[in-house]
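Each remark here refers to the structure printed beneath this line.
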Amino acid sequence: MRPDVTLAELPLRPELVGEEPYGAPQLDVPVRLNVNENPYPPGDDVRTEIGQALAAASLNRYPDREALGLRAALARYLGHGLTAERVWAANGSNEVMTHLLQAFGGPGRTLLSFTPTYSMYPEYARNTHTAYVTVPRAADFTLDAATVLAAIATHRPDVVVITTPNNPTGTSTPLAVIEEVLAGTEAIVVVDEAYQEFARHPERTALTLLDTFGNLVVSRTMSKAFALAGGRVGYLAAAPAVVDACRIVRLPYHLSAQTQAVAEVALRHADQLLARVDELRATRDQMLLRLPQLGVEVIDSDANFCLFGPFADRHDVWQRLLDRGVLVRETGPDGWLRVTAGTPEETERFYAALAEVMEETR
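Quick note on numbering that gives the first Met the number 0: the sequence shown kicks off at 0 and runs consecutively.
This is the structure in structure tokens:
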């Protein structure tokens, strides 16, 4: 084979032909509000402790492949009587979902989700040879038990994922709905709570149902509320047997010693790192009021972002905002854009840019 072989000439798996790598644009612009990051980095004291932990981490020895220290710390953070044996940690919630589909999906099995929702789910399914089926949410992007149970009866999935607060819409699914779904199926039900800390009522979490339902998995991440997107730590809480299933399919030493060390420091300082969550929640609520004043609709959100629109040509609006140094996300339903809650300065820059664009495109 020639050294200048092209991707199209490689013997790719058929379902990968024509595909492109996933990823939001990573552009160096003044205001980046496109990937739902926490705009406030850890404080100097936390960064100093992280540096010390990294310096103490052994590089010539393999890390703890069970990440027991980290899993115990995550269990303490989550509460609800959880222990390390009921928590699993991985390289971002992306790897958590991949582990779950490696264990419970695969050839001849099906993943069910409810659109619009997180754009990586079909890629997790594709990469694990799992069939992927979707059912639309209601017009207001909410989800009820009747819709979910009817979809389960129709498609007979092995894994069901309910994202709450949902990405990219920000809408939450009530606990009563999740409980009714769990009572009506033996499928593995993954409740993706990546943005739960930003919800108006974060205590209304599916974690409260873990002692009742053995088929429930609650997925979380440290990327958002903990301002640790660069640390790449996702985790789940479930029955010990579900954790054991993930242990079977994980790669050896899938979490580096450095990753575990950084995450444990962050969890020791959880109160400090989560202190900005209230501020970001207030910024989100302000967005829900300000965006309609600028002439756009906005979907009620329980996350650290808002979906706004609709636009006849959303890419044109996206580009005009980018031309003004503001990067938002072109994702979700046709005609809509998503913006992350940023610092006060970033958010005001966004409002000013959007006001100009709306005036310009009238």
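All residues carry an ideal CB built from backbone N, CA and C; glycine is no exception.
Among Thr114, Met96, Thr116 and Arg136, which has the Cα closest to the Cα of Thr129?
Within the sequence shown, numbered from 1, the residue matching residue 129 stands at position 130. When the alpha-carbon of Thr129 is set against those of Thr114, Met96, Thr116 and Arg136, the nearest one is in Met96.
Suppose contacts are defined by Cβ-Cβ distances below 9 Å. Is Val295 in contact with Phe310 by that definition?
Translated into the one-based positions of the sequence shown, residue 295 becomes position 296. Translated into the one-based positions of the sequence shown, residue 310 becomes position 311. Contact: yes.
Locate the alpha helix (DSSP H) running through Ile161, then write down its first and last residues.
Numbered from its first residue, the sequence shown carries residue 161 at position 162. From DSSP, Ile161 is part of no alpha helix (DSSP H) but of the beta strand (DSSP E) over Val158 to Thr162.
Would the stretch 228-237 count as touching the stretch 82-100 if we require 3 or more Cβ pairs under 8 Å?
yes
Decide if Pro164 is buried, meaning its Cβ has at least 16 other Cβ atoms within 10 Å, or exposed.
Residue numbering aside, residue 164 sits at position 165 when the sequence shown is read from its first letter. Buried, by the Cβ-count rule.
If contact is defined by three or more beta carbon pairs under 8 Å, each pair taking one atom from either stretch, is the stretch 8-15 in contact with the stretch 316-332?
The stretch 316-332 vs the stretch 8-15: no contact.
When the Cα atoms are used, what is the spatial distance from Ala186 to Pro156?
Locating residue 186 in the sequence shown gives position 187, where the first residue counts as 1. Locating residue 156 in the sequence shown gives position 157, where the first residue counts as 1. Computed Cα separation, rounded: 7 Å.
Which stretch, first to last residue, makes up the beta strand (DSSP E) that contains Trp335?
In the sequence shown, counting from the first residue as 1, residue 335 sits at position 336. Careful: Trp335 lies outside any beta strand (DSSP E) and carries neither H nor E.
Return helix, strand or coil for Phe140, following the three-state DSSP convention.
Locating residue 140 in the sequence shown gives position 141, counting from the first residue. Three-state DSSP puts Phe140 in coil, outside helix and strand.
Looking at the secondary structure, which residues open and close the alpha helix (DSSP H) in which Pro135 lies?
Here residue 135 refers to the residue found at position 136 when the sequence shown is read from its first residue. First-last for Pro135: Ala130 to Pro135, but that is the beta strand (DSSP E), not the alpha helix (DSSP H).
Would you report the Cα separation of Cys305 and Gly341, rounded to the nearest angstrom?
The sequence position of residue 305 within the sequence shown is 306, counting from 1. The sequence position of residue 341 within the sequence shown is 342, counting from 1. Taking the straight line joining both Cα atoms gives about 11 Å.
Once you ignore the five residues that flank Phe376 on each side, which residues in its own chain have a CB closer than 6 Å to its CB?
As shown, the chain starts at 0 and ends at 361. That puts residue 376 outside it, with no answer to give.
Within 10 Å of its beta-carbon, does Ala281 have 16 or more other beta-carbons around it, so buried, or fewer, so exposed?
Here residue 281 refers to the residue found at position 282 when the sequence shown is read from its first residue. Under this definition Ala281 is an exposed residue.
Alpha helix (DSSP H) containing Ala352: first to last residue?
On the sequence shown, residue 352 is found 353 positions in, with the first residue counted as 1. Segment Pro343 to Glu359, the alpha helix (DSSP H) holding Ala352.
Under a three-way DSSP split, which group does Ala74 fall into?
Translated into the one-based positions of the sequence shown, residue 74 becomes position 75. In this structure, Ala74 counts as helix in the three-state DSSP scheme.
Pick out the complete alpha helix (DSSP H) segments inside the stretch 168-202, 4 residues or longer, and give them in chain order.
174-182
For Arg319 versus Glu345, is the C-beta distance shorter than 9 Å?
Position 320 of the sequence shown, counted from the first residue, corresponds to residue 319. Position 346 of the sequence shown, counted from the first residue, corresponds to residue 345. For Arg319 and Glu345, no; Cβs fall outside 9 Å.
So, does the stretch 266-273 touch the stretch 99-113, judging by three or more C-beta pairs under 8 Å?
Verdict: no, contact absent.
Can you tell me where the beta strand (DSSP E) with Gly294 in it begins and where it stops?
Reading the sequence shown from its first residue, position 295 is the one you call residue 294. Taken as a continuous stretch (DSSP letters only), Gly294 belongs to no beta strand (DSSP E), as it is neither H nor E.
Can you tell me where the beta strand (DSSP E) holding Phe307 begins and where it ends?
Locating residue 307 in the sequence shown gives position 308, counting from the first residue. Unbroken beta strand (DSSP E) run through Phe307: Phe304 to Gly308.
Got a sec: does the ligand MG put a non-hydrogen atom nearer than 8 Å to the Cβ of Pro2?
By its list of ligands, the structure shown contains no ligand whatsoever, and the ligand MG lies outside what it can speak to.
DSSP state of Leu250, grouped into three classes?
Looking up residue 250 in the sequence shown gives position 251. DSSP places Leu250 in coil when its eight states are reduced to three.
Rounded C-beta distance between Ala238 and Arg70? I'm assuming under 8 Å.
Numbered from its first residue, the sequence shown carries residue 238 at position 239. Numbered from its first residue, the sequence shown carries residue 70 at position 71. Not a contact, Cβ separation roughly 14 Å.
Between the alpha carbons of Pro167 and Phe140, how many angstroms are there, rounded?
As a first step, residue 167 is located in the sequence shown; it is residue number 168 there, counting from the start. As a first step, residue 140 is located in the sequence shown; it is residue number 141 there, counting from the start. If I take the Cα positions, the gap works out to 10 Å.
Run the CB neighbour count on Pro24, radius 10 Å, all protein chains shown included, and call it buried at 16 or more, exposed below.
In the sequence shown, residue 24 corresponds to position 25, counting from 1. By the 10 Å Cβ count, Pro24 comes out exposed.
In terms of DSSP beta bridges, what is Tyr234 paired with?
Counting from one through the sequence shown, the residue named residue 234 turns up at place 235. Tyr234 is bridged to Ala88 and Arg219.
Out of curiosity, what's the CA-to-CA distance linking Val190 and Tyr350?
The residue given as residue 190 occupies position 191 in the sequence shown. The residue given as residue 350 occupies position 351 in the sequence shown. Computed Cα separation, rounded: 33 Å.
Taking C-alpha atoms, which residue in Ala54, Arg313, Gln51 and Tyr117 lies nearest to Val34?
Counted from its first residue, the sequence shown places residue 34 at position 35. Ranking Ala54, Arg313, Gln51 and Tyr117 by Cα distance to Val34 puts Tyr117 first.
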